[in-house]
Every structure is written in C-alpha cells, then in structure tokens.
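S.K.: Protein chains in written order, with our numbering: chain A, 759 to 1038; chain B, 61 to 390.
Here a beta-carbon is modelled for each residue, glycine too, at the ideal position from N, C-alpha and C.
What you are looking at is a predicted structure, and each value in this text was computed from that prediction instead of being measured.
Take a look at this one; I'll ask things after.
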C-alpha cells in the first residue's frame, strides 16, 4: 500500500512539474510598440493612372506569446499596423492622402535549428481597412480599402551577443493566400453603389496571390539598454491588387524605432533570468 | 527571400507613359484615358459620327516635340471637343478646355435682370432657394445651382410658405448642375408614389461596350411636405448635368409640366483623371438613361416649348414666367 501511494505521489509530482514548467513558459509574453517614418508609393487607377510618391508615418504594436499547443512549440503573434501617408503626383500639383489599419494574428510553429536560430511559421489571418483620397477628383474622389485574408506568416529569430549583451534579430514575413476584398467595378461610382443600389453585387471579390500579390515584412534588432529593450528596424509593406479590372498598389518602406517589454504573469525574483518568448 | 522575389516579380504598376513633359506622351495618355473610360462612344458614333480611332490619327499628326505647353493644350482641347460633351474638360493652371456648345449655340431664354424684377427685393431665401409669392398668387422659386445645398427642412418650409398659392413655378434656368442628391431631394417633393425615373450603369472594363446591366433608379416620395397642386418647371439650354437629371425625374411626376427650352443634357456622371504633365481631365464615366432607356446626353424636350420674345424683353417681361403664370391660372 505504501509502495503504491509512493508511485502515485511520484506520478502526480511529475505531472505537476511538467504542468508548472509549461504554465511557466507560456506566461512569458512580449509586447513591442514602435513608431516610424518612411516613403510611400501609391497607385490606384480608380483615382489616377499615375503613381504618387511621398512620406508615411507608421505605428506598429506586436504581441508574441508562447502557447501550450503542440507541446509548447506554437507561439501566437499579433501585429497591429497603422499607417498614414501623404503623396504627390509626378508633376507635384496634386495630392493623395490615405491610410490603412491592419490587424494580423498568426499561430507559428517553432523549429529550433540550434540554440541561437529559431524558425517559426504558420497560418495567419488579417483584416485591413482604410481609404485613399485624391483631393482634386470629382465623382471618384476616394477609394475605400477593406479586405481580409488568410495566409502564412513566418518569423526567424536569431539570438546573439552584441557588446557583451544579449541581442535578438528578427525577420518577419506575412503573405496572404486567399481572401476577400471590397472593390467598386471598373467605372462604378460610390453614388451608384450606395446611393442607388444600397450595396451592390460584384463589389466583394475573391483574392488570391495572383490578384493580390502582397507582402508585409520586417527586420528588427532588439538590444537591451538598462532595464529596457530597444527595437530598431525596417518595415516593408507591399500591398497590391488587381480586381474588377482595377489595379493598384501601396508600397511603403519605413524605419522603425520602439521598445519591447517582456512580461511574466507571476512574480519574478531574479530579473536577470526573465526570458523573452523569443528565447524560449 | 523567395517570398520577396515572388512578390517583386509580380509588381502591379501604373501606366508608363514615359517622360511627363513630352507632348506625345501626354497626347497618348489623354487619348488612352478617354478610350478606356469614356461612356458614350457607341451612342455618339450613331448620333454625331464620332470615331475615336480616327480622332487619334487626326490629332497625332498635330503633335510635335517642339510645341510648347499652350500649343499642346490647344490641340488636346480640340481633340476633346470632338466628343461634344460638356462634362469633358482639360484643366491646366492657365486655362480650362471645354465644349459649351450645348448652351452657347442656343438662345439663353433667360435674362437675370428681368428675372430680378419678378423677385423684387422682398423675396425669401432658404439655403439655395430664392422664393416669393407673385401678385396673382402664384409661388415662384428660383434654384440657381444644385451645388448650393438644400435640406429637407428648407424644402418643407418653402412649400409650407407657398401652400396657399394656386400653383408654383420652379425656375431652374441657368442651373448648370451640381449634386445629384439635391436634385433627387427636390424632385421627391412632387410625387406621392415611388416612380421609376431612369437607369444608370457603369463601365466594367476598358472596351467601348463593356457596361454593367442597367440599374433601375427610383424616385421615392419625400416624408416631408409634398406639393399637391400644379407646378411648372422652367428650363433652358443651360439646364445641364444634375439639372438635366432633375428634369428627367420631375417629368414623370403627375402635376408637373416642363415649360421652356430643351435642356442642355449632360447625362454622364463625370469622373476625373490626369495626364503625366499634371493636367487634370474630367469625362463622362457612367451613362444615365431615362425611364424608357433613352439617352438624355443631348437634352430633354419640354412638355411645352416657349421662347423668350424680344418684344417682352423691351417690356421687362419674362415670356416663360408669364406663360407659366397663365398656364397655372387655367
């Protein structure tokens, strides 16, 4: 009887140990907030056949957290991108203004190539909403942007030491594969769409990599300074579409700067041992 | 890296018309924009013998790399005038190319000095509307532009003020258009039932005949005060665009009689674009038809044609207003 009790206690203790470890690991979460400025190239042939160029401002918020899924090898990543741009025509006598809000969630499976390099990849879903406004057009002054996708996200994390401190290099890429996009037809006015038809058919289009060959990618360097982790990097946001015989793109390239905060939901006695999810 | 290469290999770019300042590049850009977006090629081929490919050949020969901006503007403006469309304009910082033959080739049938005598000094103003009661108890409303906003509250107030009149004259002469919503809002005061007033469609591709299925346009009666007595709408050749659309709608209303001259037309909803040197272009993009699926691009005939008489001008009389007053008194 004593022996059986001992075995049960050992099993329970082992299970609790595993559970505690998993719970501990998935309580690590990382939040990054960045702002940046960059260049924008905007083309939408509903508004103009010409490419407009200018500057953009961008905010990005990222959360990255380990989950219990698939033996703790799956991470949840969310990205919120908000950008706004002001651009001018090639002749510099007309302006287009616009912006987009993008929210993106992905579940990334981790492959650990060695103790420094991890590759993560998995499915993602994203939603996008925004507008482009051309200041001098008459009945086609603006183009609403609304689309959602499922696709794949990938992330490469490289941990290394820089000036005797732990640094992390990230490369992120997001590629939509299948989605739905709102678009007027080639010469359709918003007056007809919403003033007469009260919402029309043919205005929601199925998108694939052929009709929406788009990519968001970024490269960041995290570096600890004092009690804070600084993040600097680059975001390349290349959005393109070709639906309803209308085509367009918004290319933006921004330099980003911000901070990373690593959280653990339980009290941590030794801050030197707080791990970031990028190190798990 | 593979993903990046795939994305860059499938770039979706704007049209490459070469050097933004080269006359030939701008000529080709303008011709192509109209070729791919203009909505009346088929109709105007039959109505006025327009052949856009011939237009290219005719005007290409006049383009020279040595010509200056003003010479180029003149040639491009002449090319656009082949469309005979008041909604087609080329805008440069020094001029606007236009075709206003729809009104300039015809008598105006409107004299604002004489009209002012009818309004006097004691007329009322409700947003974009000027109105008063004439001595013979006929209400007179003048709406100079559908670009001047009118709200439902304005319309109810005006019609309430004129409710004791034997009839009203709604004068939209020289109203060259504006906002279609205001035209619809005003027309909705003259029907108690939902009326089919026309159709609208749009281009679905670059071909001259790539059009969507025509969509029915219905006039819904207003929830506010609606005019139940007889009404006359006065028109002339300067009734264009949204005003033409208003006439198309009220012509279907039961107690409304259109008196005056044929309207100027302009039934294409205009869109804008631009050419590489920065000149802006406006063109008819979406054709709108009447309830019989007939074009009104070249105007709508009145129910009763009345022209301004010279002898009336000498007497400071507006022939159309006088005719309308007599008509309503009967």
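(1) Tell me the DSSP secondary structure of residue 997 of chain A in three-state form.
(2) Apart from the five residues on each side of it in sequence, which residues of its chain come closer than 7 Å, Cβ to Cβ, to residue 986 of chain A?
(3) Tell me which residues share the same chain as residue 730 of chain A and place their Cβ nearer than 6 Å to its Cβ, disregarding the 5 neighbours each side in the sequence.
(4) Taking 7 Å as the threshold (beta carbon to beta carbon), is residue 1007 of chain A in contact with chain B?
(5) Which of the residues in the stretch 342-357 of chain B, read from start to end, lie with their CB under 8 Å from any CB of chain A?
(6) Closer than 7 Å by C-beta to residue 952 of chain A: which residues in its own chain qualify, once you throw out the five before and the five after it? Chain order, please.
(7) Using the C-alpha atoms, what's the distance from residue 320 of chain B back to residue 372 of chain B?
(8) Between which two residues does the alpha helix (DSSP H) harbouring residue 385 of chain B extend?
(9) For residue 92 of chain B, report the span of its alpha helix (DSSP H) as first-last.
(10) What residues of chain B sit near residue 801 of chain A, judged by a beta carbon separation below 8 Å?
(11) Taking a contact to mean a Cβ-Cβ separation below 7 Å, would you say residue 197 of chain B touches residue 231 of chain B in this structure?
(12) Measuring straight from C-alpha to C-alpha, what distance separates residue 52 of chain B and residue 290 of chain B?
(13) Give the interface partners of residue 266 of chain B over in chain A, defined as CB-CB distance under 9 Å, in chain order.
(14) Quick one: which unbroken beta strand (DSSP E) runs of 3-plus residues sit fully inside the stretch 320-349 of chain B? Chain order, please.
(15) Using alpha carbons as the reference points, say which of A/1012, A/932, A/822 lies closest to residue 813 of chain A.
(16) Please identify the residue among B/269, B/276, B/223, B/249 whose C-alpha is closest to the C-alpha of residue 259 of chain B.
(17) Are the CB atoms of residue 174 of chain B and residue 200 of chain B within a distance shorter than 7 Å?
(18) Between B/340, B/80, B/205, which lies nearest to residue 156 of chain B when the distance is taken from Cα to Cα?
(19) Got a sec? Which residues, its chain only, sit under 6 Å from residue 893 of chain A by beta carbon, not counting five neighbours each side?
(20) Is any beta-carbon of chain B found at less than 7 Å from that of residue 864 of chain A?
(21) Would you check if the stretch 260-275 of chain B and the stretch 357-374 of chain B touch, i.e. whether three or more CB-CB distances between them fall below 8 Å?
(22) For residue 947 of chain A, go through chain B and note every residue whose CB falls closer than 9 Å to its CB, in chain order.
(23) Does any CB atom of chain B fall closer than 7 Å to the CB of residue 1118 of chain A?
(24) Do we get a CB-CB distance below 7 Å when we pair residue 310 of chain B with the residues of chain A?
(25) For residue 970 of chain A, count neighbouring Cβ atoms within 10 angstroms of its own Cβ and tell me buried if that reaches 16, exposed if not.
(26) If we cut at 7 Å on Cβ distances, does residue 911 of chain A have a partner in chain B?
(27) Measuring straight from C-alpha to C-alpha, what distance separates residue 267 of chain B and residue 88 of chain B?
M.R.: The answer reads as follows:
(1) strand
(2) 1017
(3) Residue 730 of chain A is absent from the model: chain A starts at 759 and stops at 1038.
(4) yes
(5) 342, 345, 346
(6) none
(7) 15 Å
(8) 379-389
(9) 83-97
(10) 72, 73, 74
(11) no
(12) Past the boundaries of the shown model lies residue 52 of chain B; chain B is included only from 61 to 390, so the question cannot be answered.
(13) 944, 1003
(14) 328-334
(15) A/1012
(16) B/276
(17) no
(18) B/340
(19) 853
(20) no
(21) no
(22) 260, 262, 329, 331, 345, 346
(23) This structure cannot settle anything about residue 1118 of chain A, because the visible part of chain A is limited to 759 through 1038.
(24) no
(25) buried
(26) no
(27) 17 Å
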